[in-house]
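In our numbering, the protein residues as written are -15 to 384.
C-beta atoms are modelled at their ideal positions from N, C-alpha and C, and glycine is treated no differently.
Report on one structure; see the data block that follows.
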Ligand code: DP6
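Written out as structure tokens, the structure reads:
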């Protein structure tokens, strides 16, 4: 809900994280953020992972300002500037078409304050939720509609997919101006209620190469990436959409794993090579394949982004046993914080035969914790005025 007091108008919204099952890697236009292939993701539920953003505007503000997770950041970053400029342009266009829908002047400066409900150390692509939330909040503040995923895309490519809930594709488009490079919902968040995601947070020693610079080097040096974008992804997009429509977990899971593996193969084919997976990531990959082999079906699937954390896709019925399998092969600290966060997971026991068939040496503390979640909705407006992150003076409240 929009709220105005002491000449400060505020709007607070939340937006979700998404995890790609067909990966985006490589741009054909760095400035507009136009990809070399289409991609597809699942939106994670905001009860477990979300960004909250308050945007405020007032004639008393001297300049645009932004605070991220409690720290003031540089508002002049080009990607932030692109999003602000595009939203103001859409707002101006709407006003010239329909007249002002509210009394906010477009010449007023904005203050932006954003926080995540998950640790940045979890290594999840927080930029996707962050830019989606920024663009959605500004659009609600200024009262603009239009193709908002095109605006979010200019903040961070993967952010365009966080503008919708459920299963979302980012169509690469063809136009040089990027107007057709946008996100579309493939199925809603209610389509496949049994689907579950487990984020396995791996303790990493170093910060990996960022995706923006990593994919740039890949485009410059990897022939495998070009082959992937031109000849592999188009077919996979169709297969993946069909598997989702049919709720065919075996087809969905297998393609998810193959696409993650090919993305990491293009990283290895990049020169100099980029390594995102570590020893624990590779052990998770082996464990998943051995687990599926034991049951002679694809019950669990892994995917990895630009870091060592695994995201596991599975069905609700398999969650308890698979979590117990992780607990067995990566024994957590017993006195530490809870190992499984998010949706609660029932206790389960493992057969001696399953342990024997998997046959791996346990690695204590290899996985720090698990976030258990499901498919969720797109960005939402927060109605409770007590939850604004900016106070009446337009500065961050103590809790933000
Ligand atoms: C591996 O969207 O973070 O997570 O567009 O440069 O901001 P920029 O990159 P970003 O890249 C995400 C890459 C990925 C795969 C994916 O989410 O599709």
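In this structure, residue 243 has its beta carbon at no less than 7 Å from each heavy atom of the ligand DP6. In this structure, the beta-carbon distance from residue 92 to residue 124 does not fall below 8 Å. Take the alpha-carbon of residue 311 and the one of residue 383: they are about 34 Å apart. According to DSSP, residue 13 shares a beta bridge with 18. Look at residue 268 here: in three-state DSSP terms it is helix. For residue 64, the uninterrupted alpha helix (DSSP H) segment begins and ends at 62 to 82.
Closer than 7 Å to some heavy atom of the ligand DP6: that describes the Cβ of residue 9. Taking the Cα positions, residue 77 is about 39 Å away from residue 212.
Under DSSP, residue 326 takes part in a beta bridge, and its partners are 356. Ranking 160, 185 and 128 by CA distance to the CA of residue 323 puts 185 first. The three-state secondary structure of residue 383, taken from DSSP, is coil. Not one heavy atom of the ligand DP6 sits closer than 7 Å to the Cβ of residue 123. Contact between residue -1 and residue 34 holds, with the beta-carbon distance rounding to 7 Å and staying under 8 Å. Judged by DSSP in its simplified three-state form, residue 297 adopts strand.
Secondary structure at residue 95: strand, using DSSP grouped into helix, strand and coil.
Residue 265 is classed as buried because its beta carbon has at least 16 other beta carbons within 10 Å across all chains shown. The DSSP-derived three-state label of residue 172 is coil. According to the DSSP assignment, residue 234 belongs to the alpha helix (DSSP H) that extends over 233 to 253. Per the C-alpha coordinates, the member of 226, 154 and 333 positioned closest to residue 25 is 154. Rounded to whole angstroms, residue 337 and residue 298 show a C-alpha spacing of 21 Å.
The Cβ-Cβ distance between residue 296 and residue 224 does not fall below 8 Å. In the structure shown, residue 280 falls within a coil segment according to DSSP collapsed to helix, strand and coil. The residues 286, in chain order, have a CB closer than 7 Å to that of residue 269 in the same chain once the five nearest residues on each side in sequence are set aside. Secondary structure in the segment 23 to 58: the beta strand (DSSP E) runs of 3 residues or longer, each lying completely within the stretch, are 23 to 27, 34 to 42, 49 to 52 and 55 to 57 in chain order.
Our two residues, residue 64 and residue 228, have alpha carbons roughly 34 Å apart in a direct line. One alpha carbon belongs to residue 233, the other to residue 179, and they sit about 9 Å apart. Taking a contact to require three or more Cβ pairs closer than 8 Å, the segment 9 to 17 and the segment 67 to 82 do not qualify as touching. Judged by DSSP secondary structure, residue 6 falls within the beta strand (DSSP E) whose first and last residues are 2 to 6.
For residue 196, the CB falls within less than 7 Å of some heavy atom of the ligand DP6.
As far as DSSP is concerned, residue 342 takes part in no beta bridge. In this structure, the alpha-carbon of residue 300 lies about 28 Å from that of residue 111. Residue -8 is bridged by DSSP to -11. In the DSSP assignment, residue 151 falls within the unbroken beta strand (DSSP E) covering 151 to 155.
Pairing residue 90 with residue 131 gives a Cβ-Cβ distance that is not under 8 Å. The C-alpha of residue 205 lies about 24 Å from the C-alpha of residue 159. The C-beta distance from residue 374 to residue -6 rounds to 6 Å, short enough to meet the 8 Å contact threshold.
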